[in-house]
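Below: one structure, written as structure tokens.
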Amino acid sequence: MMERQSLLLRWWFRPRFRAIAIQALVGLAVLLALVGMGLTARDNLARVNLGIGFDFLAQPSSVQAGETILPQQPSDSYLWLLVAAAANTLRVVLIAALLATVLGLLVALARLSRNPLPRAIATGYVALCRGTPVLLQILVWYAIMQTLPPIRQALSIGQSIFLSQRGLVFPAPVLASPGLAAGGLALLALALVVVLARRRLPRGSAVILALAGLGLAVAGFQLEFPIRRAFNFAGGLTLSPEFAALLCGLVFYSTAYMAEVIRGGILSLPRGQWEAARALGLRSRHTFWLVVLPQALRVVIPPMTVQYLSLLKNSTLAFAIGYPDLFWAINTMINQTGHAVEGIMILMAVFLVPSLTAAGLFNALNKRIARQGLA
Numbered sequence: 087m088m089e090r091q092s093l094l095l096r097w098w099f100r101p102r103f104r105a106i107a108i109q110a111l112v113g114l115a116v117l118l119a120l121v122g123m124g125l126t127a128r129d130n131l132a133r134v135n136l137g138i139g140f141d142f143l144a145q146p147s148s149v150q151a152g153e154t155i156l157p158q159q160p161s162d163s164y165l166w167l168l169v170a171a172a173a174n175t176l177r178v179v180l181i182a183a184l185l186a187t188v189l190g191l192l193v194a195l196a197r198l199s200r201n202p203l204p205r206a207i208a209t210g211y212v213a214l215c216r217g218t219p220v221l222l223q224i225l226v227w228y229a230i231m232q233t234l235p236p237i238r239q240a241l242s243i244g245q246s247i248f249l250s251q252r253g254l255v256f257p258a259p260v261l262a263s264p265g266l267a268a269g270g271l272a273l274l275a276l277a278l279v280v281v282l283a284r285r286r287l288p289r290g291s292a293v294i295l296a297l298a299g300l301g302l303a304v305a306g307f308q309l310e311f312p313i314r315r316a317f318n319f320a321g322g323l324t325l326s327p328e329f330a331a332l333l334c335g336l337v338f339y340s341t342a343y344m345a346e347v348i349r350g351g352i353l354s355l356p357r358g359q360w361e362a363a364r365a366l367g368l369r370s371r372h373t374f375w376l377v378v379l380p381q382a383l384r385v386v387i388p389p390m391t392v393q394y395l396s397l398l399k400n401s402t403l404a405f406a407i408g409y410p411d412l413f414w415a416i417n418t419m420i421n422q423t424g425h426a427v428e429g430i431m432i433l434m435a436v437f438l439v440p441s442l443t444a445a446g447l448f449n450a451l452n453k454r455i456a457r458q459g460l461a
């Protein structure tokens, strides 16, 4: 008995074993708590003749989303309504993340500029956007969209791009030759393979393949220009006022935070890195792109991951201006079916999966850059 106790004590005082044991106990306690809450919710729902299940997702939604990139009709199921709304959310998040990253880099460089004018403008912009709630910014942009002229008096650029209360309408690429487009995409994929195998193949072949693939892919599409009708536009691509307001609000809000993250990463480098690059005869732009930025990425990527995840969560504010995103679809489904528990579970799962996936990808990228750099 004493030997068994001494063996347990020896194992317990090992830090790794103790950490694993504590984590296992905490995980078990959380699991038991979740099971208890689930059983309680099941009993409470049974009292009002509601069961927990997802069979209702196959029922017709009887809801027509105002704007979707995927075709959706009232006769479609609740499941397809959620898929179409999730596609809307994904579209606005991806576009906002790309624009905010590019603008964040430009604002960060402006804040680091020796010229007082761009530095003052960038500083004021960051202070304004970080000091006001993102919901307020979205509402302000939506109010601006409502002041635009009607369709008959729409602002136009060359009779190809129109801006009105219906949103922004511009020419859209339409697939004209699937064969050319497929061939171009295949060449682009081959160029990517060459880049990944750069130690065995010359980079010049990747450039040639990429240019040829891009040319073929572009040749496979043609532009469809919008035509103004009496009450709407025909053809082209339309960005609704709701989408534009949500996109502008998310982009301008996230840009301010990303700019500070990038600026902090650049300032974290020792001043000697700049001086050493100048001593080697590198110009300022070469110093930034070849010396400073690759090293700053090691500091920038972890907090930028947090900003991307925050942008994803802030996209749920689309309900305030009527944009049909995933949160709107879940809320509509709960109001019509009464399955609030299942709706919240779906919402949590849909946001948790991309959040964990993005965090894992950025962590892997950060480890690679910290170990090997960009080369």
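With positions in the sequence shown counted from 1, the corresponding number in my numbering is that position plus 86. Glycine residues also receive a C-beta, built at the ideal position from the N, C-alpha and C atoms.
- Note on geometry: alpha-carbon atoms of L353 and K399 lie some 29 Å from one another.
- Taking each of A171, S370 and M419 in turn and checking the Cα distance to L156, the smallest one comes out for A171.
- Burial is judged here by how many other beta carbons sit within 10 angstroms of a residue's own beta carbon; G351 has at least 16 and is buried.
- Segment contact: the region 330 to 342 against the region 214 to 224, three or more CB-CB distances shorter than 8 Å; contact assigned.
- Taking the C-beta atoms as reference points, L165 is found no nearer than 8 Å to L185.
- The residues I387, in chain order, have a CB closer than 7 Å to that of L451 in the same chain once the five nearest residues on each side in sequence are set aside.
- The beta-carbon distance between S246 and I237, rounded to whole angstroms, is 15 Å. This is too long to meet the 8 Å contact definition.
- Judged by DSSP in its simplified three-state form, T324 adopts strand.
- The three-state secondary structure of F319, taken from DSSP, is strand.
- Restricting attention to V188, E153 and Q381, the CA atom closest to the CA of R177 is found in E153.
- When beta bridges are read from the DSSP output, S242 appears opposite F248.
- Per DSSP, L221 is not a residue of any beta strand (DSSP E); the alpha helix (DSSP H) it occupies stretches across V220 to Q232.
- Taking the C-beta atoms as reference points, A194 is found nearer than 8 Å to R349.
- For V255, there is no enclosing alpha helix (DSSP H); the enclosing beta strand (DSSP E) has its first and last residue at G253 to F256.
- Scanning the region 345 to 386 from its first residue to its last, no whole beta strand (DSSP E) run of 3-plus residues comes out.
- In this structure, the straight-line span from the alpha carbon of S401 to that of P235 is close to 27 Å.
- Annotation: P327 to I230 spans about 9 Å, alpha carbon to alpha carbon.
- For I155, the three-state secondary structure derived from DSSP is coil.
- Under the three-state reduction of DSSP output, P101 falls in the helix class.
- Rounded to the nearest whole angstrom, the CA to CA distance from T175 to L412 is 6 Å.
- In the three-state reduction of the DSSP assignment, R200 falls in the coil class.
- Contact check for F437 and T391: beta-carbon distance about 15 Å, past the 8 Å limit, so the pair fails to qualify.
- Here the alpha carbons of I106 and T218 stand approximately 43 Å from one another.
- The beta carbons of F140 and E428 sit closer together than 8 Å.
- Bridge pairing for P146: S163 [DSSP].
- Between M434 and G190, the gap from beta carbon to beta carbon reaches 8 Å or more.
- Spatial neighbours of L368 in its own chain (CB-CB distance under 8 Å, excluding positions within 5 residues in sequence) are listed in chain order as L376 and V377.
- DSSP places P236 outside both helix and strand once states are collapsed to three, so it counts as coil.
- Close CB contacts of R364 within its chain, under the 8 Å cut and outside five residues either way in sequence, are with T373 (chain order).
- Distance from the CA of A206 to the CA of Q422, rounded to the nearest whole angstrom, comes to 51 Å.
- DSSP places D141 within a helical segment (H, G or I) once states are collapsed to three.
- DSSP places P388 in the helix class (H, G or I) of the three-state scheme.
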